[in-house]
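Beneath this line is the structure, given in structure tokens, with notes to follow.
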Amino acid sequence: MAELIRQPELMKRAQDEVRGCVRSKGEAEESDLHQLHFFKCVVKETMRLHPPAPLLIPRETMQHFKLNGYDILPKTWMYVNAWAIGRDPNSWGRPHVFDPQRFMHDSMEANGHDSKM
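The sequence shown runs contiguously to residue 117 in UniProt numbering.
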């Protein structure tokens, strides 16, 4: 919500989309999600910038390997920094800007409650 409060035009667009979808029913249902294109982009962009778990579940390496010139030994605990991935300028244009539009033509889709980010 904080990101949308800073950009009222985006908030209005998301609100209008949701209201247009649920106007006659009074509430949104999971079956309505296919109609909420911009709203889904807002959710994806929010998850990119503000992941609920900044560090993902640690993993233990099974074998020796090299990573960016470093030797990683078996049984080393590795953490994936989801927060940094979502702000990586090599992966995202203007990574610190909240821009749901970046997902408008994205082929990544969520199935049910799963995210493929």
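We put the beta carbon where it would ideally sit given N, CA and C, even for glycine.
Problem - First through last residue of the beta strand (DSSP E) which encompasses F65 - result: As a working mapping, residue 65 is identified with position 65 in the sequence shown. Unbroken beta strand (DSSP E) run through F65: F65 to L67.
Practice task
Could you round the C-beta distance between K40 and E60 to whole angstroms and report it? I think they count as a contact, below 8 Å.
Solution key: Position 40 of the sequence shown holds residue 40. Position 60 of the sequence shown holds residue 60. Actually they are not in contact, since the Cβ atoms of K40 and E60 sit about 34 Å apart, beyond 8 Å.
Practice task
Determine the DSSP secondary structure at L49, reduced to helix, strand or coil.
Solution key: To locate residue 49, count along the sequence shown from 1; it is residue 49. It is helical.
Problem - P54 beta carbon less than 8 Å from that of N90 - result: The count along the sequence shown starts at 1 and reaches residue 90 at position 90. The count along the sequence shown starts at 1 and reaches residue 54 at position 54. No.
Problem - Contacts around D88, its chain only, beta-carbon distance under 7 Å, and the 5 residues preceding and following it disregarded - result: By one-based count along the sequence shown, residue 88 stands at place 88. P95.
Exercise for the section: Out of H64, S31, L4 and A84, point me to the one whose CA is closest to V42's CA. Expected result: Locating residue 42 in the sequence shown gives position 42, where the first residue counts as 1. Looking at the Cα atoms, L4 is the closest of the given residues.
Problem - Distance, M78 Cα to F103 Cα - result: Stepping through the sequence shown from its first residue, residue 103 is reached at position 103. Stepping through the sequence shown from its first residue, residue 78 is reached at position 78. If I take the Cα positions, the gap works out to 29 Å.
Exercise for the section: Can you grab the Cα-Cα spacing for the pair K66 / L56, in whole Å? Expected result: Here residue 66 refers to the residue found at position 66 of the sequence shown. Here residue 56 refers to the residue found at position 56 of the sequence shown. Their Cα atoms are separated by approximately 21 Å.
Practice task
Report the rounded CA-to-CA distance for A28 versus Q63, giving the unit in angstroms.
Solution key: As a position in the sequence shown, residue 28 is number 28, starting the count at 1. As a position in the sequence shown, residue 63 is number 63, starting the count at 1. Using only the alpha carbons, I get a separation of about 48 Å.
Problem - Contact check, R13 vs F38, beta carbons under 8 Å - result: For the purposes of this step, residue 13 is taken as the residue at position 13 of the sequence shown. For the purposes of this step, residue 38 is taken as the residue at position 38 of the sequence shown. Contact: yes.
Exercise for the section: Please say whether E45 and residue 129 have beta carbons closer to each other than 8 Å? Expected result: In the structure as shown, the chain starts at 1 and stops at 117, and residue 129 therefore has no counterpart that could be examined.
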